[in-house]
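Colleague:
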Amino acid sequence: MARVMIECPNTGRMIYTGLNLSWTTFETYEIGESCIKCAHCGEVHEWSRSDAMLDEVGGEG
Ligand SMILES: [Zn+2]
Numbered sequence: 227m228a229r230v231m232i233e234c235p236n237t238g239r240m241i242y243t244g245l246n247l248s249w250t251t252f253e254t255y256e257i258g259e260s261c262i263k264c265a266h267c268g269e270v271h272e273w274s275r276s277d278a279m280l281d282e283v284g285g286e287g
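Residue numbers (the working numbering): 227 to 287.
Right under this line is the structure:
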């Protein structure tokens, strides 16, 4: 499993979206438009699948 992350447009830091997906699930997962309150800058960011990156947690499959 990997954590789905987006990049904060204001600080350039990564934000954990709360989703955990495997790479194969991520390929087909319907995310659509989502919003998240950013822990870094305090604003609400809209994001969609094309904004997301996977942060793989080593050794946990
Ligand atoms: Zn932000």
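The C-beta atom is built at its ideal place from N, Cα and C for all residues, glycine as well.
How is ARG275 classed by DSSP in three states: helix, strand or coil?
Modeller: On the sequence shown, residue 275 is found 49 positions in, with the first residue counted as 1. Looking at ARG275 - three-state DSSP - the assignment turns out to be helix.
Colleague: Starting from the Cα of GLY268, find the closest Cα among VAL230, ARG239, ARG229 and give me that residue.
Modeller: Counting from 1 along the sequence shown, the entry for residue 268 is found at position 42. If we check each option's Cα against that of GLY268, ARG239 comes out closest.
Colleague: Going by alpha carbons, who is nearest to SER248 out of VAL230, SER274, HIS271, CYS261?
Modeller: Against the sequence shown, residue 248 aligns to sequence position 22. The shortest C-alpha separation from SER248 is found at VAL230.
Colleague: Give me the Cα-Cα distance between GLU282 and LYS263, rounded to the nearest whole angstrom.
Modeller: Position 56 of the sequence shown, counted from the start, is the residue given in the question as residue 282. Position 37 of the sequence shown, counted from the start, is the residue given in the question as residue 263. When rounded, the distance between both Cα atoms is 22 Å.
Colleague: Any idea what DSSP makes of THR243, helix, strand or coil?
Modeller: Residue mapping note: residue 243 aligns to position 17 of the sequence shown, counting from 1. If DSSP states are grouped into helix, strand and coil, THR243 belongs with the strands.
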